[in-house]
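Undergrad: The sequence shown lines up with residues 215 to 653 when you count with the numbering used here.
Just so you know, even glycine gets a beta-carbon here, dropped at the ideal spot from N, CA and C.
What follows is a structure written as structure tokens; I'll ask about it next.
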Amino acid sequence: MNASARLPDAFWMPFTPNRAFRGAPRLFARAQGMYYFTPEGRQILDTLAGLWCVNAGHAHPSIVRAIQRQAAELDFVSSFNMSHPLAFEAADRLVSLAPAGLSRAFFTNSGSEAVDTALKIARAYHRARGEGSRICFIGRAKAYHGVGWGGLSVGGLARHKREFTPLLGDVDHLSLPYDRRSSAFTVGQPEHGAHFADELESLLATVHDPATVAAVIVEPVIGSGGMYPPPKRYLERLREICDRHGILLIFDEVITGFGRLGAAFAARALDITPDMICCAKGLTNGSVPMGATIVRDGIFQAIADRSASPIELYHGYTYSAHPLACAAAIAAIEVYEQEDLFGRVRKLAPTWAQSAHSLKGARHVSDVRSIGLLAGIDLQPREGAAGARGVEVGQRCLEAGMLVRNSGDTLLLSPPLIIDEEQIAHVFATIQGVLAAIP
Ligand SMILES: Cc1ncc(COP(=O)(O)O)c(C=O)c1O
């Protein structure tokens, strides 16, 4: 198709203003390393790793080769009552990256499915142990846990839910653990804010009988909702409260997994062990859709040992452990290890933070938050036009050859982990230049 021709109508694009898009289409034809290329051949620096996916950079040759080989060898086999060797190898490689004790992996096709899988496993686990009253889930304000009914219900972004209610009924939310007055422009985890975890204890004292709560689910670093690192000691305190009341703690690491914070998972970088980890995206370096729910062995054992039926869990997807996805995941994990990309993040994080925080004082900037290779930059909203400034920055950056994601008036940055120091400097200089030029 000629790139300048009008786009056909049939494709209903996700999370996109479909009508406006066709007036000003943003198309990419090719990608390599840190860059996208438009159909006309213009090079665009990717500051979002696709969508928090391509941690090893686009089109990594080892991953490409693994997928090509696998497609010719075994294109598909179900994992219902049969499977293939790479599924077992991929699960093994994946759990070897998780904190000790999380030793079972259930494969899905996406982050949304990994989250809904975790919520279902949580209820099944409690029921297997004779605590079927534990059905309630607790999420957080500003959380994004995907678009399945479960993830949407525990998520904390009201705009995402509006057309789809009623959602799951037995759900509550903790507030955003962030106080801008004390924590604006913090590098890494804010000192202040562990007390936000005590809200869980008060919810259990005043609203929900602890014996009815199945799980608390959090992104260790809130991602799409604005990039908020957890205050120091906050996640530890959530862990303690969950333990005290027999409640499972689920980390949604769909963004923080595979190196973002300088370790395979935020759980390891921050040294807190949840009961389950949801992951996707970087699992295959974004190359083939795949997600996973990694589970503490005791959870699997409780369900397996007490199941009255030969099939322990009535759950799964046609494409769970798809051969191409397994080949891609094994190759991606090998690349992460061989190129020491998680170590690279630890080395680059101070430079990243320093460059991001150089925007303090820049025109329109009201806050900067950063951790690992993540940054969130809040812009003051325009009067009566919330989000417009963020959209304009995204547009101007693209014109300047750089893809930057905005969520309303917050810029969200999360580059491939292969970014170098020169590119980091370029990213923030470009944003600073754009901010200086726009109203
Ligand atoms: C933390 C988190 N959980 C879940 C999801 C949903 O993943 P998917 O879009 O693969 O369904 C996302 C997507 O960005 C995410 O950031």
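Assuming A535 contacts S297 under a Cβ cut-off of 8 Å, what Cβ separation, rounded to an integer in Å, is found between them?
TA: Correct: roughly 6 Å between the Cβ atoms.
Undergrad: Which of helix, strand or coil does DSSP assign to H374?
TA: Three-state result, H374: helix.
Undergrad: Kindly provide the ranges of any beta strand (DSSP E) runs that are 3 or more residues long and lie completely inside the stretch 593–624, ordered along the chain.
TA: Here the runs fully enclosed are 619–621.
Undergrad: Are the beta-carbon atoms of G622 and G647 separated by less than 8 Å?
TA: No, the pair does not count as a contact, with Cβ atoms beyond the cut-off.
Undergrad: Tell me whether F290 sits in a helix, a strand or coil according to DSSP, three-state version.
TA: Here F290 sits in coil by DSSP.
Undergrad: Could you tell me whether the stretch 627–636 touches the stretch 592–611, where touching means 3 or more Cβ pairs closer than 8 Å?
TA: No contact exists between the stretch 627–636 and the stretch 592–611.
Undergrad: Taking the alpha helix (DSSP H) that I638 falls in, what are its first and last residues?
TA: From DSSP, the alpha helix (DSSP H) with I638 extends over 635–651.
Undergrad: Consider the C-beta atom of D466 and the heavy atoms of ligand 2; say whether any pair is separated by less than 7 Å.
TA: As for ligand 2, it is missing from this structure, which binds only ligand 1.
Undergrad: What residue does the beta strand (DSSP E) around G505 start on, and which one ends it?
TA: Residues 505–510.
Undergrad: Taking the beta strand (DSSP E) that Y250 belongs to, which residues open and close that run?
TA: Taken as a continuous stretch (DSSP letters only), the beta strand (DSSP E) holding Y250 covers 249–251.
Undergrad: Below 6 Å CB to CB, which residues in the same chain sit around L382 once its five sequence neighbours on both sides are set aside?
TA: Hits under 6 Å: S367.
Undergrad: C540 and L300 - do their beta-carbons sit closer together than 8 Å?
TA: Their beta carbons are under 8 Å apart, which means L300 touches C540 by this criterion.
Undergrad: Under 8 Å Cβ to Cβ from G247, same chain only, skipping five residues before and after it: list those, please.
TA: So the qualifying residues of the chain are G271, H272, A273, P630, I632.
Undergrad: Classify D306 as helix, strand or coil using the three-state DSSP reduction.
TA: Helix.
Undergrad: Below 8 Å, how does it come out for the stretch 252–262 and the stretch 521–530: are there three or more Cβ pairs, yes or no?
TA: Taking 8 Å as the limit for Cβ pairs, the verdict is that the stretch 521–530 does not touch the stretch 252–262.
Undergrad: According to the neighbour-count rule (16 or more other Cβ atoms, all chains shown, within 10 Å of its Cβ), is E377 buried or exposed?
TA: Classification of E377: exposed, given that the 10 Å Cβ count is below 16.
Undergrad: I431: beta carbon under 7 Å from a heavy atom of ligand 1?
TA: I431: no, Cβ never under 7 Å from ligand 1.
Undergrad: Round the Cβ separation of R337 and L388 to the nearest angstrom and send it over; I've been treating them as touching at under 8 Å.
TA: In fact, because the Cβ distance is near 20 Å, the residues do not count as touching under 8 Å.
Undergrad: Using a Cβ-based criterion (distance less than 7 Å to any ligand heavy atom), does H387 qualify as near ligand 1?
TA: Answer for H387: no, Cβ out of range of ligand 1.
Undergrad: Taking only heavy atoms of ligand 1 into account, decide whether any of them is closer than 7 Å to the Cβ of W226.
TA: No, since every heavy atom of ligand 1 falls outside the 7 Å radius drawn around the Cβ of W226.
Undergrad: Count the other CB atoms within 10 Å of the CB of P231; is the residue buried (16 or more) or exposed (fewer)?
TA: Exposed: under 16 other Cβ atoms inside 10 Å.
Undergrad: Does the stretch 426–437 come within contact of the stretch 449–464, defined as at least 3 CB pairs closer than 8 Å?
TA: Yes, the stretch 426–437 is in contact with the stretch 449–464.
Undergrad: Tell me, please, whether the stretch 316–328 touches the stretch 384–399 by the rule of three or more beta-carbon pairs shorter than 8 Å.
TA: No, because fewer than three Cβ pairs between the stretch 316–328 and the stretch 384–399 fall closer than 8 Å, the two stretches do not touch.
Undergrad: Is M215 buried or exposed, if buried means 16 or more other CB atoms sit within 10 Å of its CB?
TA: Note that M215 scores 47 on pLDDT, short of 50, meaning its location in the model is unreliable and no value can be drawn from it.
Undergrad: Contact defined as beta carbons within less than 8 Å: I believe S324 pairs with G360. What is the distance between those atoms, to the nearest angstrom?
TA: The Cβ separation is near 7 Å, so the contact holds.
Undergrad: Tell me the start and end of each unbroken beta strand (DSSP E) in the stretch 457–530 that is at least 3 residues and wholly inside, in chain order.
TA: Qualifying beta strand (DSSP E) stretches, in chain order: 462–466, 490–493, 505–510.
Undergrad: Which of helix, strand or coil does DSSP assign to M215?
TA: Here M215 scores only 47 on pLDDT, less than 50, and its place in the model should not be relied on; the value that follows carries that caveat. Coil, per DSSP.
Undergrad: Should W266 go down as buried or exposed, given a rule of 16 or more other Cβ atoms within 10 Å for buried?
TA: With 16 or more other Cβ atoms within 10 Å, it is buried.
Undergrad: Buried or exposed: K495, going by 16 or more other Cβ atoms within 10 Å of its Cβ?
TA: That one is buried.
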